[in-house]
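Worksheet for the structure shown next.
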Amino acid sequence: MRFLKQFAFLFVMASGLLSCSENPRPDETTERNREQDTKMGLLMETLYEDDFTRFGEGLYKHTEVANESGTTVASGELVAVYYELWTIEENEAGQYEEGHLIEKLVQTEVDGRMKNIKTSVVFSEGEREIVKEEDDPLIFQVGSGNTFPLTFNYIADNMRENEEVSFYLTGQYGYGTYSYHKIGVTRWQPLKLKIRVEELFDEEGFEKFEENRILREIDRDRAYYEENFPEFSEVNITENGTHVYTLNRDTIRNQEDTIQRKAKVDIDYTGRLFRFDSLVFDTSIEDTARTWDLYSAGRTYEPFNFEVGVGSVITGWDEAMVELFKYELAVLYIPSSSSYGGTAQGGRLVIPEFLREDLENNSNITIGNLIKPWDPLKFSVEVIEVNNPEE
């Protein structure tokens, strides 16, 4: 099973996106950064006079909204952020000016309600904007290295909850030697990154946030499952927050075969994201793989065999299996803390042809990892075989 025990963007920094990279000489990098730093300093003076801070060569910030009484963010903590990412361009006079939008996720009022609106710009298609409503702000673990490391480590020491800061970065702190034509980024592209720290999570707060995400997804799925599986009902919520729903418990043939810890089980499964209308990212079923353009000729499609409760699969699976019986059909709603946590997983998204046009009109589907940091997941599973340990 490709995704159950392997650890593999913020702001379009995912692997597989970037192109045209070559390694510069160290002296070339230093000289370029100093030149860009000088131009960036002049831009800051033009924009903000003396209301800005230079906190390193090529690193500047301007505080848009201060909150002196807010809680300071520390490295390792989880935060919810809104953001805007822009290019900084050189004009005909050789001076820096603010360029074009790459991507933003902001909270705005729509029809009398506050909504999270994400806008991505396809620069290669005449700056076509793709606008999509998101459920949540961006969740990020400070200092994790999943995005611009220097910028976000700086947040850990200097930003507070409910503050909004614009960072101006020379090329070495953004994409460096990489270029990406689709979003209009060239090698050594200077950038503006505007961030608002919306919320700082403690452990209890993040658990509540995760629970609300799962309940929202269950409500979206409920009409489909209740129409197609009249026995759809919740079995249990596991210790670490996985919601287990059965589809056929009243009619399975033998409820004597409960799954015990250390049982060897064979499971057919289909894994889905909450994002992109429950996009399938992995499956053990060949017909499903073909339908979702995931089929690989080199893979054997058969039930996945593993030992329950020994850590060979993600926590959400280990905990959910002991709630199930042989022949049971079930749906597992797994919080990110019981799947891959803050680790991005997999390569680029694969969008099946029958969904491609609709999704491309609503989201920049080529941006980001398959499973992003702090993504919740859901799995449809069928218990094919159970071999419990001998007593």
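In full-length UniProt numbering, the protein residues as written are 1 to 391.
Every residue gets a Cβ at the ideal spot worked out from N, C-alpha and C, and that includes glycine.
Legend entry - Buried/exposed call for Arg213, threshold 16 Cβ in 10 Å: Taking the sequence shown and counting its residues from 1, one reaches residue 213 at position 213. Answer is buried; the Cβ neighbour count reaches 16.
Legend entry - Met321 - DSSP class collapsed to helix/strand/coil: Residue 321 sits at position 321 when you count from the first residue of the sequence shown. Met321: helix per DSSP, three-state reduction.
Legend entry - Closest Cα partner of Glu391 within the set Glu84, Asn236, Arg261, Leu247: Residue numbering aside, residue 391 sits at position 391 when the sequence shown is read from its first letter. That would be Arg261, whose Cα lies nearest to the Cα of Glu391.
Inset, instruction - Label Leu42 either buried or exposed according to how many other C-beta atoms from any shown protein chain fall within 10 Å of its C-beta, with 16 as the threshold for buried. - result: Residue numbering aside, residue 42 sits at position 42 when the sequence shown is read from its first letter. With fewer than 16 other Cβ atoms within 10 Å, it is exposed.
Inset, instruction - State buried or exposed for Val310, treating a residue as buried only when at least 16 other CB atoms are found within 10 Å of its CB. - result: Indexing the sequence shown from 1 puts residue 310 at position 310. Exposed is the call here.
Inset, instruction - For Met44, count neighbouring Cβ atoms within 10 angstroms of its own Cβ and tell me buried if that reaches 16, exposed if not. - result: Locating residue 44 in the sequence shown gives position 44, where the first residue counts as 1. It counts as buried.
Inset, instruction - Classify Lys264 as helix, strand or coil using the three-state DSSP reduction. - result: Your numbering for residue 264 matches position 264 in the sequence shown. Lys264 falls in the strand class under three-state DSSP.
Inset, instruction - Return the Cβ separation of Leu105 and Val121 in integer angstroms, given the expectation that the two are a contact with Cβ distance under 8 Å. - result: Stepping through the sequence shown from its first residue, residue 105 is reached at position 105. Stepping through the sequence shown from its first residue, residue 121 is reached at position 121. Incorrect: roughly 13 Å between the Cβ atoms, too far for contact.
Inset, instruction - Spell out the partners DSSP gives Tyr168 in its beta bridges. - result: The sequence position of residue 168 within the sequence shown is 168, counting from 1. Bridge partners of Tyr168: Tyr60, Lys192.
Legend entry - Identity of the residue in Thr87, Lys326, Asp111, Thr29 nearest Asn248 by Cα: On the sequence shown, residue 248 is found 248 positions in, with the first residue counted as 1. Ranking the options by Cα distance to Asn248, first place goes to Lys326.
Inset, instruction - Could you spell out the range, first to last residue, of the beta strand (DSSP E) harbouring Ile214? - result: Against the sequence shown, residue 214 aligns to sequence position 214. Run containing Ile214: none in the beta strand (DSSP E); it sits in the alpha helix (DSSP H), 203 to 228.
Legend entry - Alpha carbon of Asn362 to alpha carbon of Glu207, nearest angstrom: In the sequence shown, the residue the question calls residue 362 occupies position 362. In the sequence shown, the residue the question calls residue 207 occupies position 207. Below a pLDDT of 50, predicted positions are generally treated as unreliable, and Asn362, at 45, falls in that range; the measurement from the model is reported next regardless. Looking at the two C-alpha atoms, the distance is approximately 29 Å.
Legend entry - Member of Glu90, Phe123, Asp135 whose CA lies at the smallest distance from the CA of Thr108: Locating residue 108 in the sequence shown gives position 108, counting from the first residue. Of Glu90, Phe123, Asp135, the residue nearest in Cα terms is Asp135.
Inset, instruction - Assign Met40 to one of three DSSP states: helix, strand, or coil. - result: Translated into positions along the sequence shown, residue 40 becomes position 40. It is helical.
Inset, instruction - Flag this pair as yes or no: are the beta carbons of Ile371 and Leu273 separated by less than 9 Å? - result: As a working note, residue 371 is residue 371 in the sequence shown. As a working note, residue 273 is residue 273 in the sequence shown. Yes. Within cutoff.
Inset, instruction - Could you pull out every residue in the same chain whose Cβ sits closer than 8 Å to the Cβ of Ile117, ignoring the five residues on either side in sequence? - result: Against the sequence shown, residue 117 aligns to sequence position 117. Result list for Ile117: Leu105, Val106, Gln107, Thr108, Val110, Val131, Lys132, Glu133, Glu134, in chain order.
Legend entry - N-terminal and C-terminal residue of the alpha helix (DSSP H) that Glu286 is part of: Position 286 of the sequence shown, counting from 1, holds the residue named residue 286. Where Glu286 is concerned, the enclosing alpha helix (DSSP H) stretches over 286 to 291.
Inset, instruction - Out of Val73, Val383, Asp51, point me to the one whose CA is closest to Ile259's CA. - result: As a working mapping, residue 259 is identified with position 259 in the sequence shown. Measuring from the Cα of Ile259, the nearest candidate turns out to be Val383.
Inset, instruction - For Lys372, name the three-state secondary structure that DSSP assigns. - result: What you label residue 372 is simply residue 372 of the sequence shown in a count that begins at 1. Coil at Lys372, not helix or strand.
Legend entry - Contact set for Phe229: own chain, Cβ-Cβ below 8 Å, skip 5 residues either direction: On the sequence shown, position 229 is the one that residue 229 refers to. These residues qualify, in order along the chain: Leu247, Asn248, Leu329.
Inset, instruction - Would you kindly work out how many angstroms separate the C-alpha atoms of Val235 and Glu323, rounded to a whole number? - result: By 1-based counting over the sequence shown, the position of residue 235 is 235. By 1-based counting over the sequence shown, the position of residue 323 is 323. Rounded to the nearest angstrom, the two C-alpha atoms are 7 Å apart.
Legend entry - Residue from Val81, Ser336, Gly341 with nearest C-alpha to Pro376: Here residue 376 corresponds to residue number 376 of the sequence shown, with the count starting at 1. The shortest C-alpha separation from Pro376 is found at Ser336.
Legend entry - Tyr173 - DSSP class collapsed to helix/strand/coil: Taking the first residue of the sequence shown as position 1, residue 173 is located at position 173. Three-state result, Tyr173: helix.
Legend entry - Residue(s) in a DSSP beta bridge with Leu78: As a position in the sequence shown, residue 78 is number 78, starting the count at 1. Note: Leu78 sits in a beta bridge opposite Gln141, Phe201.
Legend entry - Which listed residue (Thr170, Ser338, Thr283) has its alpha carbon closest to that of Thr242: Position 242 of the sequence shown holds residue 242. Nearest C-alpha to Thr242: Ser338.
Legend entry - Burial state of Ser75 (16 or more Cβ within 10 Å): Taking the sequence shown and counting its residues from 1, one reaches residue 75 at position 75. That one is exposed.
Legend entry - Glu227 versus Tyr245 - alpha carbon distance: Along the sequence shown, one-based indexing puts residue 227 at 227. Along the sequence shown, one-based indexing puts residue 245 at 245. Going from the Cα of Glu227 to the Cα of Tyr245 covers about 15 Å.
Legend entry - With 16 other Cβ atoms within 10 Å as the buried cut-off, status of Ala263: Residue mapping note: residue 263 aligns to position 263 of the sequence shown, counting from 1. Result: buried.
Legend entry - C-beta atoms of Leu200 and Glu77 nearer than 9 Å: As a position in the sequence shown, residue 200 is number 200, starting the count at 1. As a position in the sequence shown, residue 77 is number 77, starting the count at 1. Yes, they are a contact pair.
Inset, instruction - Let me know the secondary structure DSSP gives Thr366 once reduced to three states. - result: Taking the first residue of the sequence shown as 1, we reach residue 366 at position 366. Confidence at Thr366 is low in this model, with a pLDDT of 41, below 50, so its placement is unreliable and the value that follows should be read with caution. Three-state DSSP puts Thr366 in coil, outside helix and strand.
Inset, instruction - Taking residue 392 as the reference, give the member of Asn305, Pro303, Asp282 with the closest Cα. - result: Nothing about residue 392 can be reported from this structure: the residues present for the chain run from 1 to 391 only.
Inset, instruction - Keeping to the same chain, check which residues put their C-beta closer than 7 Å to that of Ile252; ignore five residues upstream and five downstream. - result: In the sequence shown, residue 252 corresponds to position 252, counting from 1. The residues are Phe325, Tyr327, Glu328.
Legend entry - Within 9 Å, strictly: CB atoms of Phe276 and Ala80: Your numbering for residue 276 matches position 276 in the sequence shown. Your numbering for residue 80 matches position 80 in the sequence shown. Not in contact: Phe276 and Ala80 (Cβ atoms no closer than 9 Å).
Inset, instruction - Might you give, ordered along the chain, the residues of its own chain that have their beta carbon closer than 6 Å to the beta carbon of Thr119, omitting 5 neighbours on each side? - result: Numbered from 1 along the sequence shown, position 119 holds the residue referred to as residue 119. Only Lys104, Glu129, Val131 meet the Cβ criterion.
Inset, instruction - State the beta-bridge partners of His243 as determined by DSSP. - result: For the purposes of this step, residue 243 is identified with residue 243 of the sequence shown, where counting begins at 1. Paired residues: Ile237, Tyr333.
Inset, instruction - Pair every Cβ in the stretch 85 to 95 with every Cβ in the stretch 185 to 192, then say whether three or more of these pairs are closer than 8 Å. - result: yes
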